[in-house]
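Asks:
Numbering (this note's numbering), first residue to last: 21 to 294.
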């Protein structure tokens with residue numbers, strides 16, 4: 021009998037720290053999510069405005085309780101607060117074992133630059149695992165990373181336990197890899213920037229393909245993947261959230277959620293032993 025079936029709570033849960041694309045909204049931090057399973061916690065992306073929310077969730081200001089950090093790519097709306105976490109660990113937990121950091125090379129390079137080139141300090145705090153890379157593990161999670169198209173290398177992420185699977189696209193343009201990334205997941209967290217909702221905000225430079233998805237494209241990707249629940253994220257500040265949901269639901273009939281800071285999503289397996 022799975023823990024969820026035994027009445028011990030959800031098999032996993034996702035806590036949204038923020039879901040704003042490109043820059044923070046009036047009351048919204050940029051991208052950041054905590055994934056919990058049992059006593060294990062990992063954070064996926066730490067964009068601007070997320071680290072204080074992470075510390076509030078953990079109940080400390082040193083990052084204690086984290087089993088790992090995942091950063092999809094080196095844009096600051098996804099990693100702007102990673103350096104704040106570094107400083108918290110550097111000043112508060114310097115003697116601790118390095119915290120696993122799964123990220124593309126550009127993320128570490130940006131951290132080193134922020135720390136005046138002192139790479140040895142970064143590697144003392146974070147144990148770096150370059151992504152995309154071979155399948156691996158972090159705590160109870162099986163980890164798979166996949167390269168998806170964006171302006172910089174973007175390592176989409178799939179976390180699985182014995183009970184559930186959760187996938188995060190990071191920022192991405194259209195790709196056949198999306199369906200495989202989200203295949204059979206219990207929760208698919210998908211870029212739905214919808215730049216077109218804002219007058220004067222280009223979806224892409226002239227002659228180049230868009231490298232963020234619309235909510236409609238997110239819905240189509242979720243349908244192709246056969247995910248159980250779709251969570252739209254990375255909405256452009258000021259966008260109409262209900263319009264985004266409706267656009268996705270036109271392509272994906274299952275539950276469509278729209279991410280915002282403080283949202284908690286309980287993730288249950290498709291079938292539970294009775």
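For every residue, glycine included, the Cβ atom is placed at its ideal position computed from N, Cα and C.
Just the Cα atoms here: how many angstroms apart are residue 150 and residue 159?
Replies: Distance between the alpha carbons of residue 150 and residue 159 is about 17 Å.
Asks: Between the alpha carbons of residue 52 and residue 211, how many angstroms are there, rounded?
Replies: About 13 Å.
Asks: Do residue 94 and residue 127 come within 8 Å of each other at the CB atom, strictly closer than that value?
Replies: Yes.
Asks: Helix, strand or coil for residue 379? Go by DSSP, reduced to three states.
Replies: A question about residue 379 goes unanswered here, because the residues of the chain that appear run from 21 up to 294.
Asks: Decide yes or no for the touch test of the segment 28-47 against the segment 277-288: beta carbon pairs closer than 8 Å, at least 3 of them.
Replies: As far as the Cβ criterion goes, the segment 28-47 touches the segment 277-288, which means the pair count is three or higher.
Asks: So, helix, strand or coil for residue 283, using DSSP?
Replies: In this structure, residue 283 counts as coil in the three-state DSSP scheme.
Asks: Taking DSSP as the reference, what is the three-state secondary structure of residue 197?
Replies: Reduced to three states, the DSSP call for residue 197 is helix.
Asks: How long is the line joining the alpha carbons of residue 238 and residue 115, rounded to whole angstroms?
Replies: Between residue 238 and residue 115, the C-alpha separation is close to 43 Å.
Asks: Ignore the nearest five residues each way along the sequence and tell me which others in residue 112's own chain have a CB closer than 6 Å to its CB.
Replies: Closer than 6 Å at the Cβ level, and outside the excluded window around residue 112, lie 82.
Asks: Would you list, in sequence order, the uninterrupted beta strand (DSSP E) runs of no fewer than 3 residues that lie entirely inside the segment 232-270?
Replies: DSSP runs (the beta strand (DSSP E)) wholly in the segment 232-270: 250-253.
Asks: Taking the alpha-carbon positions, what's the residue 86 to residue 143 distance?
Replies: About 17 Å.
Asks: In the DSSP assignment, the alpha helix (DSSP H) including residue 131 goes from what residue to what residue?
Replies: From DSSP, the alpha helix (DSSP H) with residue 131 extends over 125-134.
Asks: Leaving out the 5 sequence neighbours to the left and right, which residues in its chain are closer than 6 Å to residue 90 when beta-carbon positions are compared?
Replies: 64, 122, 177, listed in sequence order.
Asks: Judging by CA-CA distance, which residue of 268, 70, 170, 75 is the nearest neighbour of residue 236?
Replies: Among 268, 70, 170, 75, the Cα nearest to that of residue 236 is on 268.
Asks: For residue 118, collect the residues of the same chain with a Cβ closer than 8 Å to its Cβ; drop the 5 residues on either side in sequence, then sort them by chain order.
Replies: Contacts found: 143, 144, 145, 146, 147.
Asks: Please report how far the alpha carbon of residue 92 lies from the alpha carbon of residue 59, in whole angstroms.
Replies: Straight-line Cα distance between these residues: approximately 23 Å.
Asks: Thinking C-alpha only, which one of 167, 187, 104 is nearest residue 247?
Replies: Per the Cα distances, 187.
Asks: Compute the beta-carbon to beta-carbon distance between residue 196 and residue 174, rounded to the nearest angstrom, for a pair I have assumed lies under 8 Å.
Replies: At roughly 15 Å, the Cβ-Cβ gap does not stay under 8 Å, so residue 196 and residue 174 are not in contact.
Asks: Label residue 46 either buried or exposed according to how many other C-beta atoms from any shown protein chain fall within 10 Å of its C-beta, with 16 as the threshold for buried.
Replies: Label assigned to residue 46: exposed.
Asks: Is the separation between the beta-carbon of residue 290 and that of residue 181 shorter than 8 Å?
Replies: Cβ distance not < 8 Å, so residue 290 and residue 181 don't count as in contact.
Asks: Determine the contact status of residue 88 and residue 124, defining contact as a CB-CB distance below 8 Å.
Replies: Not in contact: residue 88 and residue 124 (Cβ atoms no closer than 8 Å).
Asks: Residues in the same chain with beta-carbon distance under 7 Å from residue 103, minus the five sequence neighbours each way, listed in chain order, please.
Replies: For residue 103, where only same-chain residues beyond five positions count, the Cβ hits under 7 Å are 131, 134.
Asks: Would you report the Cα separation of residue 172 and residue 233, rounded to the nearest angstrom?
Replies: Taking the straight line joining both Cα atoms gives about 15 Å.
Asks: Measuring CB to CB, does residue 215 end up less than 8 Å from residue 209?
Replies: Not in contact: residue 215 and residue 209 (Cβ atoms no closer than 8 Å).
Asks: Thinking residue 170 and residue 255 are a contact (beta carbons under 8 Å), I'd like their distance in whole angstroms, please.
Replies: Not really, about 17 Å apart at Cβ, beyond 8 Å.
Asks: Just the Cα atoms here: how many angstroms apart are residue 263 and residue 244?
Replies: Computed Cα separation, rounded: 21 Å.
Asks: When the distance is taken between beta carbons, is residue 207 closer than 8 Å to residue 251?
Replies: Yes, the Cβ-Cβ distance between residue 251 and residue 207 is below 8 Å.
Asks: Where does residue 272 fall in DSSP's three states?
Replies: It is coil, neither helix nor strand.
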